[in-house]
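Taking the working numbering, I'd label the letters of the sequence shown as residues 1 to 402. Idealized CB from N, CA, C, for every residue including glycine. Working notes, beginning with the structure itself.
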Amino acid sequence: MNKLAIEGGTPIFGTRKLMELIPPWPPRYPETEEKLLEIYRGGKWSGCGPWEQKLMTEFAAFQGAKYSSWMANGTVTLQCALLALGVGPGDEVIVPGVSWIATAEAPLYAGATPVIVDIDPENCCIDPEKIEEAITPRTKAIIPVHIFSAVADMKKIMAIAKKHKLYVVEDCAHAHGAAQGGRKAGTFGQAGSFSFQLSKLMTAGEGGCCITDDEALHERIFRACHIGNSRIHPGTRPEEGFICHQFRFTEFQAAIIYDQMLHAKELHERRKKAMALLAGLLSDTPGIRQQSSGAPGDDRAYYFPAFLLETKALKKGVTRAMIFDALKAEGVLFHEGWGAPLYASTMWNVPQKAYVKHPTPNCDDVMYNRLMVTHNAVLLTNDDIISKVAEALDKVMRHYAK
Ligand SMILES: Cc1ncc(COP(=O)(O)O)c(C=O)c1O
1 MNKLAIEGGT
11 PIFGTRKLME
21 LIPPWPPRYP
31 ETEEKLLEIY
41 RGGKWSGCGP
51 WEQKLMTEFA
61 AFQGAKYSSW
71 MANGTVTLQC
81 ALLALGVGPG
91 DEVIVPGVSW
101 IATAEAPLYA
111 GATPVIVDID
121 PENCCIDPEK
131 IEEAITPRTK
141 AIIPVHIFSA
151 VADMKKIMAI
161 AKKHKLYVVE
171 DCAHAHGAAQ
181 GGRKAGTFGQ
191 AGSFSFQLSK
201 LMTAGEGGCC
211 ITDDEALHER
221 IFRACHIGNS
231 RIHPGTRPEE
241 GFICHQFRFT
251 EFQAAIIYDQ
261 MLHAKELHER
271 RKKAMALLAG
281 LLSDTPGIRQ
291 QSSGAPGDDR
301 AYYFPAFLLE
311 TKALKKGVTR
321 AMIFDALKAE
331 GVLFHEGWGA
341 PLYASTMWNV
351 PQKAYVKHPT
361 PNCDDVMYNR
371 LMVTHNAVLL
381 TNDDIISKVA
391 EALDKVMRHY
401 AK
């Protein structure tokens, strides 16, 4: 009965069947279509129009902050936050080795040096102890990333930042709506950076936003992405040497995100419910563990929740590829996601003298042993289907674990 499908047993799902049940991404709402048509006909397509202005206050409030500035993507948001904080040539910025490469490239775009450190293998976010070990007199900022489905340990990170007088820019590209200790992701540090790229929990195809509570910083971030224009002091110049960029956002993007924001809570709760069921059903499954979060009770945004293979608990010779193949035959599609730490990405072509890399064994271990679930899969509301997903993973792991 428990013979693997890959060995001729009965699959738990037919692949097509499960894929058809998973809600499509991105979500499309009829009210958004109306707004887009109105914007199109109205002709005010960009330039901080009414929808962007609404989002500036309402998304900031949604994410627990006072201000937000909108721009082209979640890479230039990191760059602008660093520029606005005065990070530049000669400065070092500490980043985790597990993230999208943008986290480490943004310091380079600002003229600074990224310093890559290891992660905590349990929550997959930057390891606070490794931050402290990497601090030098040149260190100016830290970019913790709330990765996959975890919020980094912000209490420890903020204590280190305070002790060493460092800025913190939180990379919240995976953390829309997430919170720790009742405080929303992106509000612990000086600024929080969000991406609205197509795969993200909220998306306009592309897009980015920086939140902050600091009015002066908001003003500088706004200038940094609006070629020096100010919203608070229109007609005034940025200070000499503060070179700004044209990274503007459009009204079409703003209207799309605005409607998603109104639906975000419902989707957040659906993902949490599905993940709680899945996590409970898999709690005794051998050979895998589940990504934790930075603090118990975190309100987690399940972007790409991760299951991690415990290689020591697998039978000799079993590889992740074999497990993926077996899962595929059962009809359950788990993904590799980005297959490598950022410094091993095929896109990472930064010369060695331009960055510092500390030893990162946990980054390698996590990235080469991850089974990823997409966030739209955990929008499933049918408990029987979720139970079957768990059954398939459990079946495969029991076969391959010692
Ligand atoms: C952790 C993280 N930071 C930053 C980014 C950059 O966002 P964008 O693609 O919008 O530039 C991404 C995008 O995948 C990301 O995953």
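Span of the alpha helix (DSSP H) around Q260: First-last of the alpha helix (DSSP H) with Q260: 251-281.
Alpha carbon to alpha carbon, how far is A84 from E239? Give it in angstroms, no decimals. About 11 Å.
Nearest neighbour of S281, chosen from V366, Y355, A392 [CA to CA]: Here residue 281 is Leu; the residue named in the question, Ser, does not match the sequence. Among V366, Y355, A392, the Cα nearest to that of L281 is on A392.
Rank G111, Q246, I256 by C-alpha distance to the C-alpha of L82 and give the top, closest one. Checked all of G111, Q246, I256; the closest Cα to L82 is G111.
Quick check on Q352: buried or exposed, where buried means 16 or more other Cβ atoms within 10 Å of its Cβ? By the neighbour-count rule (16 or more Cβ atoms within 10 Å), Q352 is not buried but exposed.
S46: beta carbon under 6 Å from a heavy atom of ligand 1? Exclusion of S46 from the 6 Å shell around ligand 1 follows from its C-beta lying no nearer than that to any non-hydrogen atom of the ligand.
Endpoints, the beta strand (DSSP E) within which V145 is located: No beta strand (DSSP E) holds V145; DSSP gives it neither H nor E.
Tell me whether Q197 counts as near ligand 1, meaning its Cβ is closer than 6 Å to at least one heavy atom of that ligand. Checking every heavy atom of ligand 1 against the Cβ of Q197, one is found closer than 6 Å.
Is the segment 232-251 touching the segment 39-47, taking contact as three or more C-beta pairs under 8 Å? Put simply, the segment 232-251 touches the segment 39-47. At least three CB pairs are less than 8 Å apart.
Short of 7 Å in beta carbon distance, which residues of its chain neighbour P128, apart from the five on each side in sequence? Order them along the chain. Residues of the same chain with a CB within less than 7 Å of the CB of P128, apart from the 5 flanking positions on each side, are D153, K156, I157, I160 in chain order.
At a threshold of 6 Å, does D171 count as lining ligand 1 (C-beta to nearest heavy atom)? If you check the C-beta of D171 against ligand 1, you find a heavy atom less than 6 Å away.
If you measure from the CB of G280, is any heavy atom of ligand 1 nearer than 6 Å? No.
Please state if the CB of S149 and the CB of P305 are separated by a distance shorter than 7 Å. Against a cut-off of 7 Å, the Cβ pair of S149 and P305 comes out as a contact.
Looking at ligand 1, does it come within less than 6 Å of S387, judged from the CB to the closest heavy atom? The answer is no for S387.
CB of N376 to nearest heavy atom of ligand 1: below 6 Å? Of the heavy atoms belonging to ligand 1, none sits nearer than 6 Å to the Cβ of N376.
Cα-Cα separation, H226 to H245: H226 and H245 have their C-alpha atoms spaced approximately 6 Å apart.
Given A407, which residues of its chain have a CB within under 6 Å of its CB, disregarding the five upstream and five downstream residues? One cannot answer for residue 407 here, as it falls past the ends of the chain, which runs 1 to 402.
Limits of the unbroken alpha helix (DSSP H) element including V98: Run containing V98: none; DSSP gives neither H nor E here.
Quick one: is N369 buried, meaning 16 or more other Cβ sit within 10 Å of its Cβ, or exposed? The residue in question, N369, is buried, as its Cβ has 16 or more Cβ neighbours within 10 Å.
With respect to 6 Å, is the separation between the Cβ of G74 and the closest non-hydrogen atom of ligand 1 below this value? G74: yes, Cβ under 6 Å from ligand 1.
Using the Cβ count rule (16 or more neighbours within 10 Å means buried), how would you classify T10? Under this definition T10 is an exposed residue.
Rounded to whole angstroms, how far is the Cβ of E105 from the Cβ of T75, which I believe are closer than 8 Å? Confirmed, about 7 Å.
For I116, the nearest candidate out of N123, P144, P137, Y109 (CA to CA): Distance from the Cα of I116 is smallest, within the candidate group N123, P144, P137, Y109, for P144.
Could you check what DSSP says for V87 in three-state terms: helix, strand or coil? Residue state for V87 is assigned as coil, using DSSP reduced to three classes.
Kindly examine ligand 1 and report whether one of its heavy atoms sits closer than 6 Å to the Cβ of G208. The answer is yes for G208.
Who does H226 pair with in a DSSP beta bridge? Note: H226 sits in a beta bridge opposite Q246.
With DSSP as the reference, please indicate the residues paired to C197 in a beta bridge. The identity of residue 197 in the sequence shown is Gln, whereas the question assumes Cys. According to DSSP, Q197 shares a beta bridge with no other residue.
Have a look at the DSSP bridge pairing and note the partners of G208. In the DSSP assignment, G208 is bridged to M71, S195.
CB-CB length for A191 against V169, believed under 8 Å: Indeed, because the Cβ distance is near 5 Å, the residues count as touching under 8 Å.
For K140 and L166, believed in contact at Cβ under 8 Å, the rounded distance: Distance from L166 to K140 at the Cβ level is roughly 7 Å; contact confirmed, criterion being Cβ atoms closer than 8 Å.
Taking contact to mean 3 or more Cβ pairs, one atom from each stretch, closer than 8 Å, check whether the segment 339-347 and the segment 309-324 are in contact. With a cut-off of 8 Å, the segment 309-324 and the segment 339-347 do not count as touching, because too few Cβ pairs lie within range.
Are the segment 183-198 and the segment 207-223 touching by the rule of at least three beta carbon pairs closer than 8 Å? Touching, yes, given that three or more Cβ pairs across the two stretches are closer than 8 Å.
Pick from M71, V378, W100: whose alpha carbon is nearest that of A274? Among M71, V378, W100, the Cα nearest to that of A274 is on V378.
Can you tell me the Cβ-Cβ gap for I221 and I142, rounded? I've got them flagged as a contact below 8 Å. About 18 Å separates the beta carbon of I221 from that of I142, a gap too long to meet the 8 Å contact definition.
For T187, the three-state DSSP class (helix, strand or coil): The answer is coil: DSSP assigns T187 none of H, G, I, E or B.
With three or more C-beta pairs closer than 8 Å as the rule, is the segment 290-301 touching the segment 174-191? In short, these stretches touch, since the Cβ pair count reaches three.
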